[in-house]
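Visitor: Protein chains in written order, with our numbering: chain W, 395 to 727; chain R, 395 to 727.
We treat Cβ as the ideally placed atom computed from N, Cα and C, and that holds for glycine.
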DNA sequence: CTGAAAGCGCTTACAG
DNA sequence: CTGAAAGCGCTTACAG
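1. DSSP three-state label for residue 523 (chain R), please.
2. State yes or no: is the beta carbon of residue 479 (chain R) nearer than 8 Å to at least one beta carbon in chain W?
3. Between R:636, R:603, R:498, which lies nearest to residue 526 (chain R) when the distance is taken from Cα to Cα?
4. Label residue 507 (chain R) either buried or exposed according to how many other C-beta atoms from any shown protein chain fall within 10 Å of its C-beta, with 16 as the threshold for buried.
5. Just to confirm my understanding: we take residue 698 (chain W), look at its own chain, exclude 5 residues before and 5 after, and list those with CB closer than 6 Å. What are they?
6. Do residue 576 (chain W) and residue 639 (chain W) have their CB atoms nearer than 8 Å?
7. State the DSSP-derived secondary structure class of residue 540 (chain R), mapped to helix, strand or coil.
8. Can you give the Cα-Cα distance for residue 610 (chain R) and residue 578 (chain R), rounded to whole angstroms?
9. Would residue 700 (chain R) pass as an interface residue toward chain W - the criterion being a Cβ-Cβ separation below 8 Å?
10. Around the C-beta of residue 545 (chain R), are 16 or more other C-beta atoms found within 10 angstroms, so that it is buried, or is it exposed?
11. Run through chain W and tell me which residues come within less than 7 Å of residue 512 (chain R), C-beta to C-beta.
12. Pull up the DSSP beta-bridge partners for residue 703 (chain W), would you.
13. Going by beta carbon distance, what residues of the same chain come within less than 6 Å of residue 716 (chain R), once the five residues before and after it are set aside?
14. Given that residue 568 (chain R) touches chain W, what residues does it touch there, using C-beta distances under 8 Å?
15. Among W:464, W:480, W:693, which has the Cα closest to the Cα of residue 739 (chain R)?
16. Residue 643 (chain R) lies in the alpha helix (DSSP H); which residues open and close that run?
17. Using C-beta distances below 7 Å, list every residue in its chain close to residue 428 (chain R), excluding the 5 sequence neighbours before and after it, in chain order.
18. Can you tell me whether residue 614 (chain W) is helix, strand or coil according to DSSP?
19. Got a sec: which bits of the region 602 to 632 of chain R sit with their beta carbon under 9 Å from any beta carbon on chain W, in order along the chain?
20. Under the rule that 16 or more other beta-carbon atoms within 10 Å means buried, what is residue 539 (chain W), buried or exposed?
21. Count the other CB atoms, across all protein chains shown, that sit within 10 Å of the CB of residue 617 (chain R); report buried if there are 16 or more and exposed otherwise.
22. Going by C-alpha distance, which of R:552, R:513, R:484, R:635 is nearest residue 504 (chain W)?
23. Taking only three categories from DSSP, how would you classify residue 456 (chain R)?
24. Going by the DSSP bridge assignment, what does residue 517 (chain W) pair with across the sheet?
25. Return the residues of the region 665 to 687 of chain R that lie within a Cβ-Cβ distance of less than 9 Å from chain W, sorted by chain order.
26. Measure the CB-CB distance between residue 669 (chain R) and residue 569 (chain R) and report whether it falls below 8 Å.
27. Starting from the Cα of residue 496 (chain R), find the closest Cα among R:476, R:523, R:510 and give me that residue.
28. Measuring alpha carbon to alpha carbon, tell me which of W:456, W:447, W:453 ends up nearest residue 452 (chain R).
29. Can you check whether the CB of residue 582 (chain W) is closer than 8 Å to the CB of residue 661 (chain W)?
30. Following the continuous alpha helix (DSSP H) through residue 626 (chain R), name the residue where it begins and the one where it ends.
31. Taking the Cβ atom as the reference point for each residue, do residue 553 (chain W) and residue 541 (chain W) lie within a distance shorter than 8 Å?
32. So is residue 550 (chain R) in contact with chain W if we call contact Cβ pairs under 8 Å?
33. Compare the beta carbon distance of residue 488 (chain R) and residue 658 (chain W) with 8 Å and say whether it is the shorter of the two.
34. On the DSSP bridge list, what partners appear for residue 668 (chain R)?
35. Closest to residue 704 (chain R) by CA distance: which of R:613, R:425, R:456 is it?
36. Taking residue 472 (chain W) as the query, report the chain R residues whose CB atoms sit under 7 Å from its CB, ordered along the chain.
See below:
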């Protein structure tokens, strides 16, 4: 496929490359109607499409951004990606999707490759393993927005849920339903990932505020593979919790598998709330009470912040954007 | 962030740009150890990363591919994207994800933009609205792989499920469970989208082979919003179906909502199988019998085919790659 | 074993 | 109103 270049168009239209370029960039200021017509005709005849790469090299921008998610299997990530893609498409940007699998090394590779490819900015669900690398980006004024996770050491605009409130809503609702022994299970706290840490913190605060006892045995952050064991442990306590809050959708899935196998009755034997609204919440038996994140809006906002940064050189202050969780009461509580 | 260029490295190492370039491309054939050392030191000192865009312009390849999905909401699409991303990452390619929303115009825009951005190839779940545009790509020998859908007018490598077999497995299983009045519901047949058409065809063949009556009232292809009406219609027939096959995951969701609201007992009042294994299949009550697509393998294969094409100029014959469906028997039948 | 030169396909100040 | 020239940051034959 012999690519048509601006040179070919220039020749056919009988003008110079410069003039074609002016036309393409809509700098018609001093262009005669006559010339415009001829150029247009030549472009159509040849089926010319400008080479974006060449333009990018010259202009030092690619109109491409990247989103690096920590774990594409979370429904939250998928929704955010979708929203980012939508917003970018509306604004003439393309998005490269990368999945770091919560592995700092994979993440570092992506970041380096993406910089080499000259993406104009990145939206990242950061692991905490590449602080130095991010620091370089920040210092170099590279457009960056974090989602879901705060890295204390860095000042980067971050979009995330009001996690404490999310948990508070859930705990208060349990309380209203008469529960006092309430547990919480999240995925591993090992890397101090923001939503997990904040949800645990929020849990403690909420329990305290609502006058409920905070017991260590009711608070667990473990890998997905250990959730079964954790439930075995919690439910065989002398005083087992009567309600459990699942820290995210994947944890919720594991809990549901568990109660299903053991034929544990929800909500009579155990009440359940999950953070993250899941697509099957309404068809599960019983319908699941959840705390939804406005994932779509959050993704959109992240994209919006990033594109603003890209267009404005330096945007000034750094902000943490907290989004409101929404309790959706159904039948599992 | 002042970008370091090959020129800066050359200056520091005291050699020419050419030599740096040779080094970067590992053409060490005649390079002295001494020079290598100096170059390496200079690169490290400056933290130099080559500009991929400049290289792309010269080499006329970007090591970037795109995947355009018809509808990112299908779990199948998400899995395919994931697999493509994995495979590409292993092979030094980046992937741009686009969501055409089954809208030919949006699709056409993407294709044009992506070509302008010089992506090396595309994996597409094609709508049937851009045959001419695809023809140009094919004629120009542009690397292209279709997934999920065959466009008869075009000869393009295509990766998809053995849809007839998938349906056959489901129908035979219904039959073994004693069902004779079996219905099938898919999304709209208006655009003659391959999996829908083939699943309906497969249904007719299977019913015939198994000696069951094929009745038009039991066969529906409608938009998701009409599935409720369709079920109302089917189930109020004098002889309503006792089993229904859902054409994909989204249809299955709608059916599940319906039976849930009406408190229809699965499988006693109505048996159910869905094409596409869904994450909640095992936690639904009852556990759902499904026909799974090997989505991950399919995505991987598509990526593999595409990268081979990209590396080999013209790959010769065009093939349709059919993947084996797998019936997973659970409790909804 | 290494360097000078041309070129990839654009854009952009500047001259006329 | 339009064109010649330089340049974005690389790679690649070719010369020496």
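Guide: The short version:
1. Of the three classes helix, strand and coil, the one that applies to residue 523 (chain R) here is coil, per DSSP.
2. The C-beta of residue 479 (chain R) comes closer than 8 Å to at least one C-beta of chain W.
3. Closest option to residue 526 (chain R), Cα to Cα, is R:498.
4. By the C-beta density criterion, residue 507 (chain R) is buried, having at least 16 other C-beta atoms within 10 angstroms.
5. Closer than 6 Å at the Cβ level, and outside the excluded window around residue 698 (chain W), lies no residue.
6. For residue 576 (chain W) and residue 639 (chain W), yes; Cβs fall inside 8 Å.
7. Strand.
8. Approximately 10 Å, taken between the alpha carbons.
9. No, residue 700 (chain R) lies away from the interface with chain W (no Cβ there is under 8 Å from its Cβ).
10. Around the beta-carbon of residue 545 (chain R), 16 or more other beta-carbon atoms lie within 10 Å, marking it buried.
11. By Cβ distance, chain W contributes 445, 446, 447.
12. Answer is none; residue 703 (chain W) lacks a bridge partner.
13. Exclusion of the five residues before and after residue 716 (chain R) leaves 556 as the residues of its chain whose Cβ lies within less than 6 Å of its Cβ.
14. Within chain W, no residue comes near residue 568 (chain R); the closest Cβ sits about 21 Å away, beyond 8 Å.
15. Absent from the structure is residue 739 (chain R), since the part of chain R shown begins at 395 and ends at 727.
16. Segment 643 to 655, the alpha helix (DSSP H) holding residue 643 (chain R).
17. A distance below 7 Å between beta-carbons, with the five flanking residues on each side excluded, links residue 428 (chain R) to no residue of its chain.
18. Under the three-state reduction of DSSP output, residue 614 (chain W) falls in the strand class.
19. Those residues of the region 602 to 632 of chain R that come within reach of chain W (Cβ to Cβ, closer than 9 Å) do not exist; the list is empty.
20. Within 10 angstroms of the beta-carbon of residue 539 (chain W) lie 16 or more other beta-carbons, which makes it buried.
21. Exposed: under 16 other Cβ atoms inside 10 Å.
22. Minimum Cα-Cα distance from residue 504 (chain W) among the listed residues R:552, R:513, R:484, R:635 corresponds to R:484.
23. Under the three-state reduction of DSSP, residue 456 (chain R) is assigned to coil, being neither helix nor strand.
24. In the DSSP assignment, residue 517 (chain W) forms a beta bridge with W:461, W:539.
25. The region 665 to 687 of chain R vs chain W, Cβ under 9 Å: 672, 673, 674, 676, 677, 678, 679, 681.
26. No; because the gap between Cβ atoms is not below 8 Å, this pair is not in contact.
27. The closest CA to that of residue 496 (chain R), considering only R:476, R:523, R:510, is found on R:523.
28. Nearest C-alpha to residue 452 (chain R) among W:456, W:447, W:453: W:447.
29. Not closer than 8 Å, so no.
30. Start and end: 621 to 629.
31. Cβ atoms of residue 553 (chain W) and residue 541 (chain W): closer than 8 Å.
32. False, the Cβ-Cβ gap to chain W never drops below 8 Å.
33. Their beta carbons are not under 8 Å apart, which means residue 488 (chain R) does not touch residue 658 (chain W) by this criterion.
34. DSSP lists R:640, R:684 as partners of residue 668 (chain R).
35. Selected option, being the one with the closest Cα: R:456.
36. Neighbours of residue 472 (chain W) on chain R, chain order: 472.
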